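In order, the protein sequences belong to chains A and B. According to the numbering used here, the first sequence is numbered sequentially starting from 1. According to the numbering used here, the second sequence is numbered sequentially starting from 1. Think of the CB as a built atom: it goes at the ideal place given N, C-alpha and C, for glycine as much as any other residue. Nothing here was measured: the structure is a model prediction, and the numbers come from that model. So the structure is just underneath, and the comments pick up after that.
2 protein chains.
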Amino acid sequence: MADKMSDKTRRRLPRHVREQQIIDAAIQVFSKRGYHLAVVDEIAELAGISKPMVYLYFGSKEGLFTACIRREGELLTESFANAARTARDAESQLWRGLSAFFGFVAEHRDGWVVLYRQASEVGGEVAAEVQRQRGEVGAAVASLVASGIARTDTSARLADPEVSFVAMALVGAADALTDWMAEHPGESPDQVTQRLMSMIWVGMRNALAGETWTPPRG
Amino acid sequence: MADKMSDKTRRRLPRHVREQQIIDAAIQVFSKRGYHLAVVDEIAELAGISKPMVYLYFGSKEGLFTACIRREGELLTESFANAARTARDAESQLWRGLSAFFGFVAEHRDGWVVLYRQASEVGGEVAAEVQRQRGEVGAAVASLVASGIARTDTSARLADPEVSFVAMALVGAADALTDWMAEHPGESPDQVTQRLMSMIWVGMRNALAGETWTPPRG
């Protein structure tokens with residue numbers, strides 16, 4: 001009976017588990033070959049699953065690529081949010097959150113990061129998924145910024161324009177800096193985070209407190 | 001003879017001029033219909049040029065779209081660089097340059113900005129052009145940052161990692177903020193610039209001077 005069960009288990013893995021196996025294999029193949037040269041046969045073989053099953057689950061090569069971007073993007077957002085949640089004030093939240101973000105990027109240099117760079121080239125459904133994720137990350141960062149500042153300084157202004165502005169600028173900067181990291185492989189995630197904090201933290205605190213810079217006369 | 005010349009002139013416009021007319025028409029049609037629904041017939045008709053001529057000049061609809069992105073991107077970079085050049089120190093350079101950038105974005109809300117948003121969805125050649133431009137804008141900003149800081153404070157450190165880091169973060173933030181502007185149409189380009197300067201100027205000056213933020217213990 002035990003034998004029968006284990007055999008059955010091997011053959012009837014839950015759909016969710018199989019999907020994850022396929023995604024793991026797909027990330028390896030896509031990042032090694034590039035989207036256009038990757039073939040579903042190789043992915044199916046690596047995952048130990050038949051090719052028709054891959055199509056059944058993901059519809060197409062593009063659908064599979066989109067699923068890879070979605071899963072890894074969600075992991076990235078979670079690691080950012082979890083790291084930030086444990087901190088006690090806005091400054092620590094930002095430091096821990098960004099450090100987790102750049103840490104993820106450094107760890108996934110050869111996998112997810114490669115895929116993410118390919119995404120804009122692939123276009124279509126994939127680009128739409130990246131755009132959707134960027135919006136979600138922006139919203140997550142905005143909510144962290146708002147709650148962090150509220151916890152730190154109850155007199156701080158929390159109106160939408162300031163918070164969403166700061167969050168959007170931050171997401172854009174962090175995103176662009178992943179390219180900079182690729183060009184400076186010797187920099188650790190913590191060094192990158194420290195550079196970004198040095199550049200933005202003072203101004204961000206001031207901006208959220210409603211202090212404004214005024215144009216020079218020159 | 002004068003009649004004959006003017007007739008000839010009308011028929012034999014220099015290639016460069018015709019190309020610009022086609023690009024003007026294409027921007028209108030692409031931004032109105034979206035890339036996938038736009039047809040070259042409509043663009044040719046609006047430009048007053050035959051459809052085969054459009055293909056002769058640009059190769060394909062994708063080639064034409066790439067040319068639109070290239071021309072408008074170059075105009076944007078120029079307007080940023082020209083505005084910044086006239087200022088006398090780093091702070092004014094940045095203020096004027098960013099103000100010109102966001103001014104361009106606000107003015108071209110219905111034209112180029114729409115195209116730029118479509119670019120990642122189209123992918124391929126177009127996405128490669130956007131990527132190339134982003135690199136160029138980054139380099140232009142880095143050189144401005146370096147020269148501005150040098151003019152302002154000769155004791156400032158000008159090593160590459162600091163300058164390229166600041167430039168990249170700035171380009172990423174400004175790029176992401178064009179989305180924010182779309183969601184906040186009531187904000188003027190100068191208000192947006194002021195918000196960004198409030199957020200980054202103090203930290204940027206410190207970062208370039210080699211002052212570093214240190215992680216909190218919390």
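Measuring CB atoms only, is the stretch 131-138 of chain B touching the stretch 70-83 of chain B, in the sense that at least three cross pairs come out at less than 8 angstroms? Yes, the stretch 131-138 of chain B touches the stretch 70-83 of chain B.
If you run the structure through DSSP and keep just helix, strand and coil, what is P216/B? In the structure shown, the three-state DSSP call for P216/B is coil.
Cross-chain neighbours of I200/B in chain A, by beta carbon under 7 angstroms: Simply M199, I200 and G203.
Could you tell me which of E19/B, A207/B and R109/B sits nearest to S31/B, measuring between CA atoms? Nearest neighbour of S31/B by Cα position, chosen from E19/B, A207/B and R109/B, turns out to be R109/B.
Decide if R85/B is buried, meaning its Cβ has at least 16 other Cβ atoms within 10 Å, or exposed. Exposed is the call here.
Looking at chain A, is there any beta carbon in it that lies within less than 9 angstroms of the beta carbon of P216/B? For P216/B, the answer is yes, since a Cβ of chain A falls inside 9 angstroms of its Cβ.
Beta-carbon gap between L177/A and V145/A smaller than 9 angstroms: Between L177/A and V145/A, the C-beta gap is not smaller than 9 angstroms, which leaves the two residues out of contact.
What number of angstroms, rounded off, separates the C-alpha of N82/A from the C-alpha of G97/A? If you draw a straight line from the Cα of N82/A to the Cα of G97/A, it comes to about 8 angstroms.
Residue-chain proximity (S60/B, chain A), Cβ-Cβ < 9 angstroms: No, its Cβ sits nowhere closer than 9 angstroms to a Cβ of chain A.
For E121/B, does the count of other Cβ atoms within 10 angstroms reach 16, so buried, or fall short, so exposed? Answer is buried; the Cβ neighbour count reaches 16.
Please tell me whether Q133/A has its Cβ less than 9 angstroms away from any Cβ of chain B. Output row for Q133/A: interface = no.
Best match in W180/A, G111/A and A182/A for proximity to V29/A [C-alpha to C-alpha]: Checked all of W180/A, G111/A and A182/A; the closest Cα to V29/A is G111/A.
Within-9 angstroms CB hit, F101/B to chain A: With 9 angstroms as the cut-off, F101/B does not count as an interface residue toward chain A.
Who are the neighbours of D179/B on chain A, taking C-beta pairs under 7 angstroms? M168, listed in chain order.
Continuous beta strand (DSSP E) assignments of at least 3 residues falling wholly in the stretch 10-48 of chain A: Listed in chain order, nothing qualifies, since the stretch 10-48 of chain A has no complete beta strand (DSSP E) run of 3 or more residues.
Could you give the first and the last residue of the continuous alpha helix (DSSP H) run that contains R96/A? DSSP places R96/A inside the alpha helix (DSSP H), whose first and last residues are A90 to E107.
Can the beta-carbon of V192/B be found less than 9 angstroms from the beta-carbon of W180/B? Contact flag set, yes.
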